[in-house]
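Notes to accompany the following structure.
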Amino acid sequence: MSMSYSNTRPRVTLSEATTLPQRYYSDHEWFECEMEAILFDMWLCAGRTNQIPNAGDYFVRKIANASVIIVRDEQGVVRAFHNVCRHRGTLLCKETEGKFAGRVQCPYHAWTYRLDGTLANAPHMEKVEGFREADYPLNGVAAEVWDGHIFINLSPHPIAFREHLAGLDRKFRPWGMEELEMVERRVYQVKANWKLVIQNYSECLHCPIVHPLLQKFSHYMSGDNEPPQPSYLGGRMDLRDGVKTLTMDGTTQRCSLPGLSSDDQRHVYYYCILPNFLLNLHPDYMLTFTLWPRAVDQTEIVCEWHFHPDEIRRTGFDAKDAVEFWDITNKQDWELSEMAQQGISSKGYQPGPYSNREELLVALDKFVLERVKRPND
Amino acid sequence: MSMSYSNTRPRVTLSEATTLPQRYYSDHEWFECEMEAILFDMWLCAGRTNQIPNAGDYFVRKIANASVIIVRDEQGVVRAFHNVCRHRGTLLCKETEGKFAGRVQCPYHAWTYRLDGTLANAPHMEKVEGFREADYPLNGVAAEVWDGHIFINLSPHPIAFREHLAGLDRKFRPWGMEELEMVERRVYQVKANWKLVIQNYSECLHCPIVHPLLQKFSHYMSGDNEPPQPSYLGGRMDLRDGVKTLTMDGTTQRCSLPGLSSDDQRHVYYYCILPNFLLNLHPDYMLTFTLWPRAVDQTEIVCEWHFHPDEIRRTGFDAKDAVEFWDITNKQDWELSEMAQQGISSKGYQPGPYSNREELLVALDKFVLERVKRPND
Amino acid sequence: MSMSYSNTRPRVTLSEATTLPQRYYSDHEWFECEMEAILFDMWLCAGRTNQIPNAGDYFVRKIANASVIIVRDEQGVVRAFHNVCRHRGTLLCKETEGKFAGRVQCPYHAWTYRLDGTLANAPHMEKVEGFREADYPLNGVAAEVWDGHIFINLSPHPIAFREHLAGLDRKFRPWGMEELEMVERRVYQVKANWKLVIQNYSECLHCPIVHPLLQKFSHYMSGDNEPPQPSYLGGRMDLRDGVKTLTMDGTTQRCSLPGLSSDDQRHVYYYCILPNFLLNLHPDYMLTFTLWPRAVDQTEIVCEWHFHPDEIRRTGFDAKDAVEFWDITNKQDWELSEMAQQGISSKGYQPGPYSNREELLVALDKFVLERVKRPND
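Residue numbers (this note's numbering), protein chains in the order written: chain L, 1 to 377; chain P, 378 to 754; chain R, 755 to 1131.
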């Protein structure tokens, strides 16, 4: 069974579509500007609500030099705070996840905060003129939830989360993502700029060369992208005839997710919700990537596989076929991203031409340049 | 047996007593300024005279990018020199301690110096017009001794050492420190700014939370501090009734040091002699810390336990009870100092309020700001 | 058998011959300037033609942040290219050596280049207005060969290679270096500035102190240097009577190289061809060093032993006597170079006087200062 695809996307002009100069991928100061203008100003996917099912459950995320606690409070609301005591600045939590017993207590001098961030107790401050506990809550970070995904925003004036989602909540409603449960997590340390990871994610021209297994189950020229959006870049690809999902052999014993149309069951959706969330939706499972830039040339990537609870509880459930497929594919991608980082950082690099099928990369470059160059709000 | 303490120190005003902004603990350039204005301009405790009992005995200290040889000369005088040959700048000693056989010889081209630093021999310089051996002694570093402690000063114009001691020599005369001998050394690499180590040392509000064993033997509200001095910050705490000294069980077989009054036997003295020397005086032993800043966020700490020779020679002498007590306590302190460094360096930090019992920390901050901001001499 | 040598080189004046200030050996920005003005502007020895005997054979060199492929093309010509794809800048080769099967293909999107660097195929670029394959060859690097040594030059306008050789090709013709074959390679990571490695190479005053074995076979005051040249610094030393070459015991079963005069058989030649090539010519073998500055205080040194093929094929051939001799001597030199780096980088350093027998070091300093300070071409 074979099908023929052709390059039907609009033509581009060479002068309008070339890669960025070297410094955008290798200059530490530019990277700091990106962190300010992008990572500290936009909604970031931090994790999943079912990581913190009960009051006091928390996990910690490092975002550039910020450390943020994401916690469920007594009312069940997901909240986020800077992981820094208001007394002498001590880090409150060293662990990356855990459970607070009703209060967050600083391990140094026992300043104690409620789960809503307010200061409950500050010992030995009675002789400080002008000190009021009400003035020293934990510094807050905006937090929102979308279908089980927790988003945080470190800006003092975040844009409305709904505006950021830009209709993706309606689009992906059928997948019922809030019901899915994480079965596997892999954390990758990639020696590449975060933008190169998104670039790699945003085109499949490399797939026949780099990912023979993926190419076997889903033709690299199949499907199509949405026009680039201000807050996301995405598209879908077809599963080849006879292929049920992306696993080591293209088959699965798992049922499709309950809400999916027969058309949705024939595709895999790939969406980059800028700047740090990559969302892969398969007929029977969800794969999420959150990107954590660590340096201009280093990115930590947290990759998680999520399945429907009915399947997880079924006798004989095994996620290995999907985990292994993507772990192999991921490592192929990270290796190429690292080689791109090395080449772009070297003296011989000069900007090169994008093809007309790399239009999402052009959009990513524009997004970054507009964000970083814009006047400070 | 219990005793009640109350917070009787003077009130402070919020606006006059807040921690310093982030950059003082995380900025590399500020750190370099501190090294110039403080470490390269003040008397530093380098070690003990009984490390180098005989002529030619030496040890080497690294102070920021300086390397200094401390050596006993032929006349028995303790001297200090930069560890750098005057010919082509080669490091003279790679070892951190040892014994020179009468001369210091450069391992590269055999330029040879006497133990007083003068150049004794410079081979093959006979055809250099204007070369005189007398012009090329080792570059000297000021050195002084106080009751067995060796102090060095890298300034070309050090203030008088006696002025720096500011009467501490009279105050601590009864302990007869020059007689004490080192029994144990522990070297700690702490990922915290050197000022955070002194801050941690200069208040005991954290003791009941962090140091249950110390709190058991010495109440954190007991004793009192001296008013802050230009060159030192210190105070003393009471041993609880029935406690003889600070050891794992609060008791000891060792006698008190011979010169101590009965009052001094009931206290532990904690003195920070700025900028790098912490001196703990117990009834029966001396604990010394020298701090060696390695980077804005890293400090090497050399901790040594010193006892009276009569006790050391007594059958059954064992320092373990004191060593273990402080090794445990030190590690608790370093962990909190590292968490302070991490929190203060993170985006969520903002200066916070000191309590009125953290007055020595306010004094430390003032000391640093005055030193670094003052016009160059 | 003994011979007396005296210091007959011209007198120098103290004020004209002192070592350079600290920053030339420890400042990162100065180092970057040196890389631009020297490493990226001069002919560098990259390796040997017999590393790549056949079409498609290649090896890769890192020069500061440049990565260069040296390859033999279909016509047998040695060529050099930046190791960077013209599409999105991906590094083409991760391996440090290997064989291309007729084409160089980028592992990311399969852009494919001929061995002469021209672009043969760029998939999916048909809808890019203005794109022409002829405009996207690999970025070239100049390459030349001298008696089996491959030199490369990253400047867009390199000076003529013959001018750089400045007659050394005639001088060293008798050694027939193109015939020699590499038998052993040792790669050393030295924590010293590249100039300190050349300094160490350019005088033998340290030999009696540092290299007792070398001193046993070749007196440090023997032989003489050529006057310093713009592109090289060199000289020769005598083998002592009864010594046949530099090996562990000063003897060898190997014949002298076929073209050597009886006078050349009594000397070892030491030439530093600036800025990265050290060439030691012994009666019976050639030792080469190529220097690869990695940071202001780090240099990678590739050292290779090359012998005549007739000797290599002789029964009982063993290079160990020569390899061991120089491996020991090298390690002695690197240790001193590292101690020089440490001392010069430390606070106590100040420029010191050169002797009249360190005239090549004075010349090296002048060479560097003139190169880096000169107006940009």
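All C-beta atoms, glycine included, are put in the ideal place defined by N, C-alpha and C.
What residues from chain L crowd round methionine 879 of chain R, counting only those whose CB sits closer than 8 Å?
-> What you label residue 879 of chain R is simply residue 125 of the third sequence in a count that begins at 1. Neighbours of methionine 879 of chain R on chain L, chain order: Pro353 and Ser355.
Whole-angstrom distance between serine 639 of chain P and isoleucine 721 of chain P, CA atom to CA atom = Translated into positions along the second sequence, residue 721 of chain P becomes position 344. Translated into positions along the second sequence, residue 639 of chain P becomes position 262. Approximately 43 Å, taken between the alpha carbons.
Is it true that the CB of glutamate 555 of chain P sits closer than 8 Å to the CB of phenylalanine 684 of chain P?
-> Residue 684 of chain P sits at position 307 when you count from the first residue of the second sequence. Residue 555 of chain P sits at position 178 when you count from the first residue of the second sequence. No, the pair does not count as a contact, with Cβ atoms beyond the cut-off.
Measuring alpha carbon to alpha carbon, tell me which of L/Asn280, L/Thr315 and L/Arg314 ends up nearest cysteine 303 of chain L.
-> Within the first sequence, residue 303 of chain L is the residue found at index 303, counting from 1. Minimum Cα distance to cysteine 303 of chain L is reached at L/Asn280.
Which runs of the beta strand (DSSP E), 3 residues or longer, sit entirely within the segment 612–685 of chain P?
-> 644–650, 654–658, 662–672 and 675–684
Through-space distance from glycine 894 of chain R to arginine 868 of chain R, alpha-carbon basis = Here residue 868 of chain R is taken as the residue at index 114 of the third sequence, counted from 1. Here residue 894 of chain R is taken as the residue at index 140 of the third sequence, counted from 1. Going from the Cα of arginine 868 of chain R to the Cα of glycine 894 of chain R covers about 13 Å.
Near phenylalanine 217 of chain L, what residues of its chain come up, given a Cβ to Cβ distance below 7 Å and the 5 sequence neighbours on each side ignored?
-> Your numbering for residue 217 of chain L matches position 217 in the first sequence. Only residues of its own chain outside the window of five on either side were considered, and among them Leu239, Arg240, Val243, Leu246 and Gly250 have a CB closer than 7 Å to the CB of phenylalanine 217 of chain L, listed in chain order.
Using alpha carbons as the reference points, say which of L/Ala340, L/Phe40, L/Glu184 and L/Cys207 lies closest to asparagine 65 of chain L.
-> Residue 65 of chain L sits at position 65 when you count from the first residue of the first sequence. For asparagine 65 of chain L, the nearest C-alpha among the options comes from L/Phe40.
Three-way DSSP call (helix, strand, coil) for asparagine 50 of chain L in this model | Start at 1 with the first residue of the first sequence, and residue 50 of chain L comes out as number 50. Asparagine 50 of chain L: helix per DSSP, three-state reduction.
If you run the structure through DSSP and keep just helix, strand and coil, what is glutamate 1089 of chain R?
-> The residue you call residue 1089 of chain R lines up with position 335 of the third sequence. Reduced to three states, the DSSP call for glutamate 1089 of chain R is helix.
Can you pull the chain L residues whose beta carbon is under 8 Å from the beta carbon of arginine 388 of chain P, in chain order?
-> Locating residue 388 of chain P in the second sequence gives position 11, where the first residue counts as 1. The answer, in chain order, is Lys127, Val128 and Glu129.
Is there a Cβ from chain P that is less than 8 Å from the Cβ of asparagine 761 of chain R?
-> Reading the third sequence from its first residue, position 7 is the one you call residue 761 of chain R. With 8 Å as the cut-off, asparagine 761 of chain R counts as an interface residue toward chain P.
In chain order, which beta strand (DSSP E) runs of at least 3 residues are fully inside the segment 776–838 of chain R?
-> Within the segment 776–838 of chain R, the complete beta strand (DSSP E) segments of 3 residues or longer fall at 798–802, 811–817, 820–826 and 832–836, listed in chain order.
Neighbour flag for threonine 299 of chain L against chain R, beta carbons, 8 Å = As a working mapping, residue 299 of chain L is identified with position 299 in the first sequence. Output row for threonine 299 of chain L: interface = no.
Given that arginine 491 of chain P touches chain R, what residues does it touch there, using C-beta distances under 9 Å?
-> Numbered from 1 along the second sequence, position 114 holds the residue referred to as residue 491 of chain P. Going along chain R, no residue has its Cβ under 9 Å from arginine 491 of chain P, so there is no contact; the nearest lies around 17 Å.
In chain R, what lies closer than 7 Å to histidine 486 of chain P by C-beta?
-> Taking the second sequence and counting its residues from 1, one reaches residue 486 of chain P at position 109. Here the neighbours are Leu959, His960 and Ile963.
Run through DSSP, which three-state label would alanine 537 of chain P get?
-> Along the second sequence, read from residue 1 onward, the residue named residue 537 of chain P stands at position 160. The three-state secondary structure of alanine 537 of chain P, taken from DSSP, is coil.
Out of curiosity, what's the CA-to-CA distance linking glutamate 370 of chain L and alanine 363 of chain L?
-> Within the first sequence, the letter at position 370 stands for residue 370 of chain L. Within the first sequence, the letter at position 363 stands for residue 363 of chain L. Approximately 11 Å, taken between the alpha carbons.
Close Cβ partners of histidine 267 of chain L (< 7 Å) along its chain, the five nearest in sequence each way excluded | Translated into positions along the first sequence, residue 267 of chain L becomes position 267. Setting aside the 5 residues that flank it on each side, histidine 267 of chain L is surrounded in the same chain by Gly223, Arg236, Met237, Asp238 and Leu239, each with a C-beta closer than 7 Å to its C-beta; the list follows chain order.
Does DSSP classify glycine 1097 of chain R as helix, strand or coil?
-> Locating residue 1097 of chain R in the third sequence gives position 343, where the first residue counts as 1. In the three-state reduction of the DSSP assignment, glycine 1097 of chain R falls in the helix class, which pools H, G and I.
Report all residues from its chain with a CB closer than 7 Å to the CB of alanine 771 of chain R; omit the five preceding and five following residues, and keep chain order.
-> On the third sequence, residue 771 of chain R is found 17 positions in, with the first residue counted as 1. Taken in chain order, the residues that qualify are Pro1107, Tyr1108 and Val1116.
Anything in chain P within Cβ reach of serine 67 of chain L, meaning under 9 Å, just list it in chain order.
-> Residue 67 of chain L sits at position 67 when you count from the first residue of the first sequence. Correct list: Gln719, Gly720, Ser723, Lys724 and Gly725.
Flag phenylalanine 367 of chain L as yes when its Cβ comes closer than 7 Å to any non-hydrogen atom of the ligand ADP, and as no otherwise.
-> In terms of ligand content, the structure shown is empty, and the ligand ADP therefore cannot be addressed.
If threonine 96 of chain L sits next to alanine 717 of chain P, beta carbons under 8 Å apart, how far is it from one beta carbon to the other, in whole angstroms?
-> Within the first sequence, numbered from 1, the residue matching residue 96 of chain L stands at position 96. Within the second sequence, numbered from 1, the residue matching residue 717 of chain P stands at position 340. Not quite, the Cβ-Cβ distance comes to about 19 Å (not below 8 Å), so this is no contact.
Excluding sequence positions up to five away, which residues of its chain have a Cβ less than 8 Å from the Cβ of asparagine 376 of chain L?
-> Here residue 376 of chain L refers to the residue found at position 376 when the first sequence is read from its first residue. Residue confidence for asparagine 376 of chain L is low, a pLDDT of 45 falling below 50, so the modelled location carries little weight and cannot support an answer.
Neighbourhood of arginine 1048 of chain R by C-beta distance below 6 Å, restricted to the same chain and skipping five residues each side = Numbered from 1 along the third sequence, position 294 holds the residue referred to as residue 1048 of chain R. So the qualifying residues of the chain are Glu1054.
So is serine 756 of chain R buried or exposed if we call it buried at 16+ other beta carbons inside 10 Å?
-> Locating residue 756 of chain R in the third sequence gives position 2, counting from the first residue. With a pLDDT of 46 at serine 756 of chain R, under the threshold of 50, the modelled position of this residue cannot be trusted, and the question is left open.
Grab me the residues of alanine 80 of chain L's own chain with a C-beta within less than 6 Å of its C-beta, minus the 5 sequence neighbours each way, in chain order.
-> Taking the first sequence and counting its residues from 1, the one referred to as residue 80 of chain L is at position 80. Contacts found: Val68, Ile70, Val141, Ala143 and Ile152.
Residue(s) in a DSSP beta bridge with histidine 526 of chain P = Translated into positions along the second sequence, residue 526 of chain P becomes position 149. Beta-bridge pairing links histidine 526 of chain P to P/Arg425 and P/Trp523.
Would you please verify whether the beta carbon of asparagine 460 of chain P is less than 8 Å from any beta carbon of chain R?
-> Start at 1 with the first residue of the second sequence, and residue 460 of chain P comes out as number 83. Yes, because at least one Cβ of chain R sits closer than 8 Å to the Cβ of asparagine 460 of chain P.
From which residue to which residue does the alpha helix (DSSP H) around arginine 924 of chain R run?
-> If you number the third sequence from 1, residue 924 of chain R lands on position 170. Segment 922–925, the alpha helix (DSSP H) holding arginine 924 of chain R.
Work out the CA separation of methionine 42 of chain L and glutamate 163 of chain L for me, nearest whole Å.
-> Here residue 163 of chain L refers to the residue found at position 163 of the first sequence. Here residue 42 of chain L refers to the residue found at position 42 of the first sequence. Rounded to whole angstroms, glutamate 163 of chain L to methionine 42 of chain L spans 11 Å at the Cα level.
Whole-number beta carbon distance between serine 956 of chain R and cysteine 1026 of chain R, since they are thought to touch under 8 Å = Position 272 of the third sequence, counting from 1, holds the residue named residue 1026 of chain R. Position 202 of the third sequence, counting from 1, holds the residue named residue 956 of chain R. Indeed, because the Cβ distance is near 6 Å, the residues count as touching under 8 Å.
According to the Cβ coordinates, are histidine 405 of chain P and valine 673 of chain P closer than 8 Å?
-> In the second sequence, the residue the question calls residue 405 of chain P occupies position 28. In the second sequence, the residue the question calls residue 673 of chain P occupies position 296. Closer than 8 Å, so yes.
Coarse secondary structure for alanine 855 of chain R, derived from DSSP in three states | By one-based count along the third sequence, residue 855 of chain R stands at place 101. Alanine 855 of chain R: coil per DSSP, three-state reduction.
Do tyrosine 609 of chain P and leucine 651 of chain P have their CB atoms nearer than 8 Å?
-> Start at 1 with the first residue of the second sequence, and residue 609 of chain P comes out as number 232. Start at 1 with the first residue of the second sequence, and residue 651 of chain P comes out as number 274. Contact flag set, yes.
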